[in-house]
């Protein structure tokens, strides 16, 4: 008659693990990790069931149940656990999954099935009775078990170590640390099982089952494969790509996720003002909370904050709402760092209306703003347009190269920027042509003084680069609104004509000087 202790020893862990399997599948059956762990647990339950059947079946059925339930199911459980670890490696280490590697994990199962078909299975003579226990006593069984289990443990430890070093998240690293510890304990229990089985078979079997069951149960809790509603939302909260913070109505920090901590380099600050560190950030935080209270909700609310470490500006866009729970109010605030997006947008806007070489406004900006200004002007307003072209600029490029020519263009731009400030508009039309729009002049004399200032500054501010010295000679033409025209096109045309008249006069004057010399 079978000892009742046998039933308790095997049925209790089978019942506990079966309960876990059912709950596992009911909660998260779509997860690959859940399915693999369920298969491993079911297989392990069948291994335990084999231990029970070995002590309750007729002796002639023991070899068959041992070969199928112990041999095959143990391999399925071990191979599935390796598959599970590989899935976690792909997930947390951002690796590319290969079906070939997965196939390798299941090769021992195929070998076991092949061995059964070829007749390599134990006979009743390979089992012996020790007290209340029926155990296999062949050297083949010992070598087979030790080889299969030890190789599995070594592979699992290697995969765990790889995961610890290469996992991209803290959660992933912690998962593989658990695997490393668990398999080390499992290996310890396995060694003790082998050494004690001849002397204390009950203790060795009990130790093996208890350690393995603990590893399974703790692993499930560690990975939250049967998560509570709270833990599900906590995980979503933590891994959200958006920074999230939850405040009490007294601005006490109740929760914040990974991205929120990184934004302000938070440690254990429980006050909003302490979390924000700098005075500027605290002022912006007060502004944010005031806006949230006034409107009861915020969307696309943009504020600039300082990075606590570098003090560089961060552009943050906020979404926030007030949550009422009973008589208490909580502030749920989310934000994204759009600094890089803003910088790219500002750069694109800058390049759309500025000349990349000189930093002056470009033709597009000049045309858009001057036309808008002229449309709002009356016939009594006095504005002037000045067109400038650099004489002999082609010779500068030919003699000194385009790099020096670019420096000359920048030098001329700095002269114009020095002479003319807002609201006057200075722009580069292209090549060596510049244009100015002088607004709301008091008299024609003011225009003449401006032209004279350009000429004098070019003569005095000589361009220097290494051993090169160049005195910039500009040709200048101008037009007056609304004397020479009341549209930008007309003003540009008159200025262009006058500029070429000035250029011809300069050439004639240079020719006369050459003849005298």
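In our numbering, the protein residues as written are 188 to 704. Beta carbons are placed, not taken as given, at the ideal position from N, Cα and C, and that holds for glycine.
By how many angstroms is the C-alpha of residue j removed from the C-alpha of residue i?
i           : j           : result
residue 391 : residue 521 : With a pLDDT of 45 at residue 391, under the threshold of 50, the predicted position of this residue should be treated as unreliable, and no value is reported.
residue 255 : residue 370 : 25 Å
residue 387 : residue 441 : Note that residue 387 scores 47 on pLDDT, short of 50, meaning its location in the model is unreliable; the coordinates nonetheless yield the value given after this. If I take the Cα positions, the gap works out to 54 Å.
residue 585 : residue 576 : 17 Å
residue 532 : residue 539 : 10 Å
residue 276 : residue 462 : 35 Å
residue 613 : residue 672 : 20 Å
residue 519 : residue 467 : 22 Å
residue 692 : residue 493 : 58 Å
residue 351 : residue 280 : 9 Å
residue 650 : residue 659 : 7 Å
residue 473 : residue 512 : 23 Å
residue 543 : residue 595 : 15 Å
residue 375 : residue 297 : 28 Å
residue 695 : residue 537 : 41 Å
residue 444 : residue 434 : 12 Å
residue 477 : residue 686 : 59 Å
residue 559 : residue 566 : 15 Å
residue 363 : residue 354 : 8 Å
Report the partner residues of residue i according to the DSSP bridge assignment.
i           : result
residue 576 : 620, 662
residue 511 : 516
residue 614 : 548, 622
residue 504 : 489, 523
residue 668 : 570
residue 334 : In the DSSP output, where bridge partners are listed per residue, residue 334 has none listed.
residue 657 : 650
residue 587 : For residue 587, which the question treats as bridged, DSSP gives no partner whatsoever.
residue 443 : 432
Could you check if residue i is buried or exposed, using at least 16 other CB atoms within 10 Å of its CB as the buried criterion?
i           : result
residue 459 : buried
residue 287 : exposed
residue 416 : Confidence at residue 416 is low in this model, with a pLDDT of 45, below 50, so its placement is unreliable and no value can be given for it.
residue 188 : Since pLDDT at residue 188 reaches only 47, below the 50 mark, its modelled position is unreliable, and the value read off the structure follows with that caveat. Residue 188 is exposed by the Cβ-count criterion.
residue 237 : buried
residue 334 : exposed
residue 629 : exposed
residue 341 : exposed
residue 479 : buried
residue 300 : exposed
residue 688 : exposed
residue 610 : exposed
residue 618 : exposed
residue 589 : exposed
Please name the residue, chosen from the options, that lies closest to residue i on a Cα-to-Cα basis.
i           : options            : result
residue 241 : 233, 252, 232      : 252
residue 450 : 208, 243, 500, 485 : 500
residue 438 : 350, 465, 469      : 469
residue 259 : 235, 636, 547, 271 : 235
residue 670 : 571, 640, 483, 654 : 571
residue 600 : 616, 587, 610      : 616
residue 483 : 199, 465, 509      : 509
residue 339 : 698, 243, 261      : 261
residue 634 : 433, 497, 665      : 665
residue 545 : 598, 553, 507, 257 : 598
residue 675 : 702, 622, 657      : 622
residue 198 : 222, 697, 305, 239 : 239
residue 345 : 295, 282, 272      : 272
Within the same chain, show all residues whose beta-carbon is closer than 7 Å to that of residue i, passing over the 5 residues directly before and after it, in chain order.
i           : result
residue 205 : 232
residue 515 : 436
residue 348 : 367
residue 655 : 587, 591
residue 143 : Since the first and last residues shown for the chain are 188 and 704, residue 143 lies out of range.
residue 304 : none
residue 648 : 602
residue 257 : 234, 237
For residue i, which residues in the same chain have their Cβ closer than 8 Å to its Cβ, ignoring the five residues on either side in sequence?
i           : result
residue 491 : 471, 500, 501, 502, 503
residue 737 : Because the chain is modelled from 188 through 704, residue 737 falls outside the range shown and cannot be assessed.
residue 524 : 430, 450, 501, 502, 503
residue 668 : 561, 564, 568, 569, 570, 571, 572, 678
residue 644 : 602, 605, 606
residue 640 : 606
residue 703 : none
In chain order, what residues of the same chain lie with their CB nearer than 6 Å to the CB of residue i, ignoring the 5 residues before and after it?
i           : result
residue 292 : 266, 269, 270
residue 488 : 505
residue 550 : 616
residue 624 : 557, 572, 612
residue 620 : 576
residue 361 : none
residue 701 : none
residue 222 : none
When the cut-off is 8 Å and only beta carbons count, does residue i lie next to chain D?
i           : result
residue 504 : Among the protein chains of the structure shown there is no chain D, as only one such chain exists.
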